[in-house]
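Worksheet for the structure shown next.
Numbering (the numbering used here), first residue to last: 9 to 208.
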């Protein structure tokens with residue numbers, strides 16, 4: 009539920025393919041962009057977000073459904089969607105990436121409310137996760153704790169913007185990007201890191 013992450017999605021997919029082709033394992037961590045707010049969006053905040061979405065689509069070409077988006081009463085809480093990804097990661101790590109794409113498409117292209125568990129369970133099933141198993145796991149205390157642990161890890165690193173890509177080798181983290189950058193800038197950067205990793 010981060011608009012720049014949605015704008016970055018095609019770049020992330022291409023970089024993931026580049027990394028996997030070199031034998032590098034991928035790990036999805038959720039950052040908790042907007043969590044804990046139980047109040048509905050104020051009209052001024054809604055207008056600001058929609059203007060931001062327009063800027064993202066102009067910069068990246070990713071589609072947004074603006075008509076009817078963020079309706080009255082909408083509570084912009086990213087925790088449920090983050091927890092859905094953490095749950096998917098615990099059940100079938102490879103399917104977490106597929107679920108991420110489905111959640112982003114549902115929220116930004118289709119205007120669906122992905123803060124609701126019922127929507128997330130449906131999307132998880134579309135991603136290939138067993139519906140009943142996912143629904144049961146989604147509400148368990150350990151998934152809440154694992155999601156909070158992701159948020160803490162991100163905060164402890166001082167990451168305040170998304171998307172962020174890190175590369176890890178021998179326990180050392182390297183920042184590839186904090187924020188949106190086009191593929192033609194990031195692919196050579198990742199390529200150089202992969203070359204150094206192969207020589208290490």
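Where is the CB? At the ideal position from N, CA and C, for every residue including glycine.
Which of helix, strand or coil does DSSP assign to residue i?
i, result
"residue 182", "strand"
"residue 95", "helix"
"residue 196", "helix"
"residue 15", "helix"
"residue 190", "coil"
"residue 90", "helix"
"residue 10", "coil"
"residue 30", "coil"
Given that a residue counts as buried once 16 or more other Cβ atoms are within 10 Å of its Cβ, and exposed if not, what is residue i?
i, result
"residue 114", "buried"
"residue 28", "exposed"
"residue 160", "exposed"
"residue 194", "buried"
"residue 16", "buried"
"residue 104", "buried"
"residue 20", "buried"
"residue 4", "Since the displayed the chain opens at 9 and closes at 208, residue 4 lies outside it and no answer follows."
"residue 207", "exposed"
"residue 80", "exposed"
"residue 196", "exposed"
"residue 178", "exposed"
"residue 190", "exposed"
"residue 102", "exposed"
"residue 171", "buried"
Less than 8 Å between the CB atoms is what I'm expecting for residue i and residue j, so what's the real figure, rounded?
i, j, result
"residue 12", "residue 187", "7 Å"
"residue 78", "residue 58", "7 Å"
"residue 99", "residue 63", "Actually they are not in contact, since the Cβ atoms of residue 99 and residue 63 sit about 36 Å apart, beyond 8 Å."
"residue 201", "residue 175", "5 Å"
"residue 82", "residue 49", "6 Å"
"residue 185", "residue 173", "5 Å"
"residue 131", "residue 107", "6 Å"
"residue 198", "residue 23", "6 Å"
Checklist entry - Any chance the region 130-142 sits against the region 63-72, with 3 or more Cβ pairs inside 8 Å? => result no
Item to check | Runs of beta strand (DSSP E) lying entirely within the region 102-179, each at least 3 residues, in chain order | outcome: 172-177
Checklist entry - Just checking, does the region 92-109 make contact with the region 20-38 on the three C-beta pairs under 8 Å criterion? => result yes
Checklist entry - At which residue ranges does the region 32-78 contain complete beta strand (DSSP E) runs of 3 or more residues, listed in the order of the chain? => result Runs of the beta strand (DSSP E) inside the region 32-78: none found.
Checklist entry - When the Cβ atoms of the region 80-88 are set against those of the region 112-129, are three or more pairs found closer than 8 Å? => result Judged by pairs of C-beta atoms under 8 Å, the region 80-88 touches the region 112-129, as three or more such pairs exist.
Checklist entry - How about the region 106-113 and the region 150-167: do they share at least three Cβ pairs that are nearer than 8 Å? => result no
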